[in-house]
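**Q** Residue numbers (our numbering), protein chains in the order written: chain A, 1 to 474; chain B, 10001 to 11051. One structure follows; several queries about it will come next.
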């Protein structure tokens, strides 16, 4: 009865939590900063980002996949049936800005730290990740740089901002400028050695190649991709090793690969593995959500011995149907759901940037200046279809490079953005199961307003000035 | 009154001389009520002394007294009687039952009588609680007191109950009252963590056995509750447990058994399988037709779709014609081992049972002059109608009061209880919610076995996403076990007759163990099996020391209280999870291939100083004031201390000389109060800017910011004024209270929505204001009061207006009521705190069956595609603007209770009612859509009322195959008048006459039957009108009808 009386009331009334710390004092050493960086990396693997939604977004809207029925999870990505209030995947906006805050907090904390220690690596990674977040976010909410870079991009915030502020959208061009600034600033801080699960110098460079390509800055894209190809510690998978690479972690092509661990960030029944799997295969929650469209399979069928068949499986719902090899098992290890060496088949690492992509970027970037060089880079990947004739300076075309990129990087978060940046029409395989689509036509292109998502109504409610900056068409 | 004055005078005179010729003698007598039934356990005290006794079971008492002394006879439920001892040695007393103004009841840090109390409090006695036979005392409060709203979010047994007193006083913090058991504030949260997994809430207050409760006081105004300071804004519920009465040991046994064979009402009864498939035919048909198809193509597409979707279950569909409204021919396929021709599976009752409930209580109580004891043991088991829902509890209690010498009294209350709850997810969930499954997902053409192979079907049923839970139910289990030990030790020292010190120390240890298992075959088992064990241990220590001082100076009476209180709450949590389970027989983490664990703790502390001063002049004029100062760890160092106070007064008009000749009025009293109390933030750490370490990466620790905090976070302050008129007429044959309150809740914690670009969706600020005001009425009376027949009734009503008065920068806040976002509301200055927000639905265009919405353009009332009733309207919901479409607060709600007793037979009826206000039916959109869902079932009313060419007066829109989303918008289409009347409980009992009981050597013998929810009359017809606190309907398990039979005997 006297415990309150004997202790000082300030002590008695100070009850701190045991699973959280004060944010103002949380970063006081390099090790502390590394812990926050770990949290940021973990954030990239969330289901709303690389853990699933971003990868599905780039595929569902890109024409290389289709679906059997609507109304299932994420099918509105495919239908484009988004409005500011519904089916708008606002978690992109919400969660990615939260990740941006974490990078801003880490960068600011490092700047304020008084003690000794070399924070270069951590800071370089935080800057690179911030650039990645802005790059992905501006591609979701802003028109393609190559189509209309003066249109609205996304709010550009580089420090933790006051709770009641009303940030407004910058232009797409301003966003890309900041992305380049961050990447360049980070470049010199990062080590060149391989760093499994984290960002190193080459991951930064590879991202630069991707960004420059998206900006149609081909010389810079080529230079960055070539630097990764020529000086980086990475090697292309041989044809015989290609299929097996999906069942292993941090392979020789992985420039930036996010670690997924059971009981940590394994998304289980919500994972990419489930979303691209045949219906009910290995789990009654597998809905057979997305599978390759006939158009994708037509490309792959150019060569029955294409090594990339090795990761594709039958996606039929009923045995009475024709065989359709549209299920992708890149996120399941292999067709037997072996995973990539962990206790669950759904805890498969996410390969964000692979060396193959660098060759394809180099090919496309070189195409505008040196078709022979372009063909050389393309053929390194194209030879994964052993029966197809290698490209030459005479036969190579942007479409050939794009087709190869589609075959190689299927379900890896590229297709939609490639089509948009190049202004190519996207055709959907709606007729596969007579899907009634009302929000878009069968074929769309960059002139269609809904190629970008709406700014969520919830954001506009809290930040009314942004209402005047809603994307057209919403 | 004249008599009383004379009595006091006589007494004073006699007191002066008593030492001279006082001669003690033995006085004895019998105490009966006005029906001549003995009153057992009545207290007899010699006025001015602490000497007293208690009547036995036959109403007999014996006491040593001297002539001239006054005996004061009191008993719960009866008016006090004072009789001066004269020459006779026998004093028989008839106590008058009624609204005893001088009946003692428990209030904040003490006791009071109705006559002296200056606050607003309702008292509910044990016998009222017993009438309803609820496992939770909270549920028994429904309809018992005006302004006290008791609601449940689910009909699952053991689920949480919500109580709101006098409207809604908060936006973000709790709107629930503070619960105080035997003087000690207790936790009323959902206990354990299972609700994070399967949304089944485990109400920790259920650990209290209602049979142990003597009385409940509900404190409503500032005068009553401000002494509880920073937690009292939503009112305080004081629970007092039973104590022994002086006399021979009394043993009471009570046993009851009941069953719940059915729901209380219809709940979206599904249409037949044939009707549902015909409905889908229309959807598919229209999909093709509206895409430009011909009738033949549309018919072909519809049949192809049906055969594709449902053919795999063994059926073939065809039609005779090619029209949109064809009736399907459904035939069984012959290519499997089972032919289902002409048969459908009846899922409707598959998951539900005739649930049973049983309770066994035993208690022993008694006392001597020095010791009083009450001891009980109880076991209760309640099964839910769903097999995965049951609740059982054992509870043991010992309450002892020991007097030591003349000055010290030592009290000890020990309660040990254990309970086990099994529940299931009854939110909007395709797989886990059995009730939803049978109402909207499980078509009769789905079977638990595959027609082709005869094997059990384990996958999902097509695009309805339902599972065969007949199989999966054997592949999972859950339980939440609460083990609680609560000890309350009280030491009371009578330092002087007028100065009393009391210390209460309480220690409460609540251990909740949650267990959740999915086998590798279960759809949540991820193909590996998963078991999670969680342990949540809440330790709560409360100590309070108070000093009370009584002083009388002539007709001036003073009572002062000062006290100090500390409270310390710590909860520690552990979770261990195992995945990859080897054998289905072992459901333990230790057998798992992979394990994962977490453990941490949280808590809060509070320190308080409290004081109260009460004064009355000749029991005619009353004044009181209270002041409490609270410091809480939930707030930052600069803001953590706050002051809460009240002032109040009362005037007993009936004691005025001018009232003496007004015979019709036997009591009349006015009281008024004003004061401030508060509500603490819900979070322990809301004021701290935190970084959380919950984002591991690559098996390394990871961290991130978890909030944007406001270090100046403070309490919500609640200013309440209250005026009441209390009256008793015709010797309390008719009595009542009319009360007005006005409650301004300011500095409300508002989760201010902020730009997500900041990284977070909201930040907490003390900004908003809400006003609740209203009138509460209580009227009771004895309609018939004869020796054999007594019929009493009381009615209560509360008229509450609850409005938002201030918001951050005046900006509206749109919010939703639970995880399912069942309804959309808006907080808007000047509008109701439960204002439904959405599109205004204008019904169906009779000419084409299309739904119509009013546009409600705030700038132009005529804006729209066409005019309807002089207002702009449209077919396209995208063009309509959201507006306030109704409010949930009814015009009036309350309870009606009546009791008839004829000889040994008693009949009690307990009605609850609500008049006005709306409820929002979020299930409507699932079971009465316009063709949006291509593989869901519809309710019968949807099939009956849909517009077709043949039924142009249909009240629901035409069924389309074009994904009509008008139905899924928040709109007044789903708003219904919430008016209803429900016979919540009916209790029929029979007390065997003493001629029988004496032969059986019993003192009482009673048999009873209780019916719950047996009758409901409602404007809303589709489902149960008794809604949750937000007035929404969703997929929660409905309430049941219950019949319970029991026997109670004592000896």
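Just so you know, even glycine gets a beta-carbon here, dropped at the ideal spot from N, CA and C.
(1) Three Cβ pairs or more, each shorter than 8 Å: is that satisfied between the segment 10112 to 10130 of chain B and the segment 10213 to 10229 of chain B?
(2) Between the C-alpha atoms of residue 10478/B and residue 10422/B, what's the straight-line distance to the nearest angstrom?
(3) Anyone know if the C-beta pair for residue 10959/B and residue 10924/B falls short of 7 Å?
(4) Can you find the residues in the same chain that come closer than 6 Å, C-beta to C-beta, to residue 11034/B, ignoring five residues on each side of it along the sequence?
(5) Identify the contact partners of residue 10637/B in chain A, using a Cβ-Cβ distance below 9 Å as the criterion.
(6) Using a Cβ-Cβ cut-off of less than 9 Å, give me the residues of the segment 419 to 441 of chain A that come near chain B, in sequence order.
(7) Here's a check: name, in chain order, each residue in its chain whose Cβ is nearer than 6 Å to the Cβ of residue 10746/B, leaving out the five neighbours to either side.
(8) At least one CB of chain A closer than 7 Å to the CB of residue 10995/B: is that the case?
(9) In chain C, what lies closer than 9 Å to residue 461/A by C-beta?
(10) From residue 10634/B to residue 10688/B, what distance separates their C-alpha atoms?
(11) At the 7 Å Cβ level, is residue 10453/B part of the contact set with chain A, yes or no?
(12) Please list the partners that residue 10761/B has in chain A, where partner means a Cβ-to-Cβ separation under 8 Å.
(13) Sort 10890/B, 10939/B, 10757/B, 10780/B by Cα distance to residue 163/A and report the nearest one.
(14) When the cut-off is 7 Å and only beta carbons count, does residue 42/A lie next to chain B?
(15) Please check if any C-beta of chain A sits within less than 7 Å of the C-beta of residue 10463/B.
(16) So, does the CB of residue 10016/B fall closer than 7 Å to a CB anywhere in chain A?
(17) Taking only beta-carbon atoms, is residue 171/A less than 7 Å away from chain B?
(18) Take residue 10167/B and list the residues in its own chain whose beta-carbon comes closer than 6 Å to its own, dropping the five residues that flank it on each side.
(19) Listing by chain order, which chain A residues have their CB less than 7 Å from the CB of residue 10692/B?
(20) Measure the CB-CB distance between residue 11085/B and residue 10049/B and report whether it falls below 7 Å.
(21) Note down the Cα distance separating residue 10390/B from residue 10/A, rounded to an integer number of angstroms.
(22) Only counting the same chain, and skipping five residues up and downstream in sequence, which positions put a Cβ closer than 8 Å to that of residue 436/A?
(23) Helix, strand or coil: how does DSSP classify residue 10021/B here?
(24) Which chain B residues are close to residue 261/A, counting only those with a beta carbon under 9 Å from its beta carbon?
(25) Evaluate the contact criterion for the segment 10135 to 10148 of chain B versus the segment 10163 to 10179 of chain B: three or more CB pairs, one atom per stretch, below 8 Å.
(26) Is residue 10560/B closer than 7 Å to residue 10613/B when the C-beta atoms are compared?
(27) Determine the chain A residues that contact residue 10287/B at a beta-carbon separation under 9 Å, and present them in chain order.
(28) Using a C-beta cutoff of 7 Å, does residue 98/A count as contacting chain B?
(29) Check whether the Cβ of residue 10843/B lies closer than 7 Å to any Cβ atom in chain A.
(30) Mind listing which residues of the segment 10589 to 10611 of chain B have their C-beta closer than 7 Å to chain A's C-betas, in chain order?
(31) Taking C-alpha atoms, which residue in 10191/B, 10181/B, 10487/B, 10207/B lies nearest to residue 10218/B?
(32) Please indicate yes or no: does the CB of residue 10406/B lie closer than 6 Å to some heavy atom of the ligand FMN?
(33) Which residue spans inside the segment 10708 to 10759 of chain B form an unbroken alpha helix (DSSP H) run of at least 4?
(34) Assuming residue 10275/B is part of the alpha helix (DSSP H), what are its boundary residues?
(35) At the 7 Å Cβ level, is residue 39/A part of the contact set with chain B, yes or no?
(36) Less than 7 Å separating the beta-carbons of residue 10517/B and residue 10407/B?
**A** For this structure:
(1) yes
(2) Position 478 of the second chain, counting from 1, holds the residue named residue 10478/B. Position 422 of the second chain, counting from 1, holds the residue named residue 10422/B. Going by the C-alpha atoms only, they are around 6 Å apart.
(3) Here residue 10959/B refers to the residue found at position 959 of the second chain. Here residue 10924/B refers to the residue found at position 924 of the second chain. Cβ atoms of residue 10959/B and residue 10924/B: not closer than 7 Å.
(4) Start at 1 with the first residue of the second chain, and residue 11034/B comes out as number 1034. Hits under 6 Å: 10820, 10822, 10922.
(5) The residue you call residue 10637/B lines up with position 637 of the second chain. Those within 9 Å of residue 10637/B in chain A are 10, 13, 14.
(6) 433, 434, 436, 438
(7) Counting from 1 along the second chain, the entry for residue 10746/B is found at position 746. For residue 10746/B, where only same-chain residues beyond five positions count, the Cβ hits under 6 Å are 10717, 10769.
(8) Mapped onto the second chain, residue 10995/B falls at position 995. Not one chain A Cβ lies under 7 Å of residue 10995/B.
(9) In the structure shown, chain C does not exist; the protein chains are A and B.
(10) Stepping through the second chain from its first residue, residue 10634/B is reached at position 634. Stepping through the second chain from its first residue, residue 10688/B is reached at position 688. C-alpha separation (whole angstroms): 9 Å.
(11) Here residue 10453/B refers to the residue found at position 453 when the second chain is read from its first residue. So no, residue 10453/B is outside the interface.
(12) Start at 1 with the first residue of the second chain, and residue 10761/B comes out as number 761. Near residue 10761/B (Cβ distances below 8 Å), the residues of chain A are 94, 458, 462.
(13) Residue mapping note: residue 163/A aligns to position 163 of the first chain, counting from 1. Ranking the options by Cα distance to residue 163/A, first place goes to 10757/B.
(14) Counting from 1 along the first chain, the entry for residue 42/A is found at position 42. Output row for residue 42/A: interface = yes.
(15) Translated into positions along the second chain, residue 10463/B becomes position 463. Chain A contact via Cβ: present.
(16) Numbered from its first residue, the second chain carries residue 10016/B at position 16. Confidence is the limiting factor: at residue 10016/B the pLDDT is only 39, short of 50, which leaves the residue's position unreliable, though a coordinate-based value still follows. No, its Cβ sits nowhere closer than 7 Å to a Cβ of chain A.
(17) Start at 1 with the first residue of the first chain, and residue 171/A comes out as number 171. Chain B, which has no Cβ nearer than 7 Å to the Cβ of residue 171/A, makes this no.
(18) Your numbering for residue 10167/B matches position 167 in the second chain. For residue 10167/B, where only same-chain residues beyond five positions count, the Cβ hits under 6 Å are 10772, 10800, 10802.
(19) Mapped onto the second chain, residue 10692/B falls at position 692. Those are 19, 20, listed as they occur along chain A.
(20) With chain B running from 10001 to 11051 in the structure shown, residue 11085/B is simply not present.
(21) Against the second chain, residue 10390/B aligns to sequence position 390. Against the first chain, residue 10/A aligns to sequence position 10. The alpha-carbon atoms of residue 10390/B and residue 10/A are separated by roughly 45 Å.
(22) Residue 436/A sits at position 436 when you count from the first residue of the first chain. Here the set comprises 70.
(23) Residue numbering aside, residue 10021/B sits at position 21 when the second chain is read from its first letter. Low confidence applies here, because residue 10021/B scores a pLDDT of 45, under 50, leaving its location unreliable; read the following figure in that light. In this structure, residue 10021/B counts as helix in the three-state DSSP scheme.
(24) Counting from 1 along the first chain, the entry for residue 261/A is found at position 261. What residue 261/A touches in chain B: 10696, 10697, 10698, 10699.
(25) yes
(26) In the second chain, the residue the question calls residue 10613/B occupies position 613. In the second chain, the residue the question calls residue 10560/B occupies position 560. The answer is yes: Cβ separation under 7 Å.
(27) Within the second chain, numbered from 1, the residue matching residue 10287/B stands at position 287. Chain-order list of chain A residues neighbouring residue 10287/B: 434, 436, by C-beta distance under 9 Å.
(28) Looking up residue 98/A in the first chain gives position 98. Yes, contact with chain B.
(29) Stepping through the second chain from its first residue, residue 10843/B is reached at position 843. Not one chain A Cβ lies under 7 Å of residue 10843/B.
(30) 10593, 10594, 10596, 10600, 10601, 10602, 10603, 10604, 10605, 10607
(31) Counting from 1 along the second chain, the entry for residue 10218/B is found at position 218. Of 10191/B, 10181/B, 10487/B, 10207/B, the residue nearest in Cα terms is 10181/B.
(32) The ligand FMN is absent from the structure shown, which contains no ligands of any kind.
(33) none
(34) Reading the second chain from its first residue, position 275 is the one you call residue 10275/B. Segment 10273 to 10290, the alpha helix (DSSP H) holding residue 10275/B.
(35) Taking the first chain and counting its residues from 1, the one referred to as residue 39/A is at position 39. Closer than 7 Å to some Cβ of chain B, the Cβ of residue 39/A qualifies, so yes.
(36) Against the second chain, residue 10517/B aligns to sequence position 517. Against the second chain, residue 10407/B aligns to sequence position 407. For residue 10517/B and residue 10407/B, no; Cβs fall outside 7 Å.
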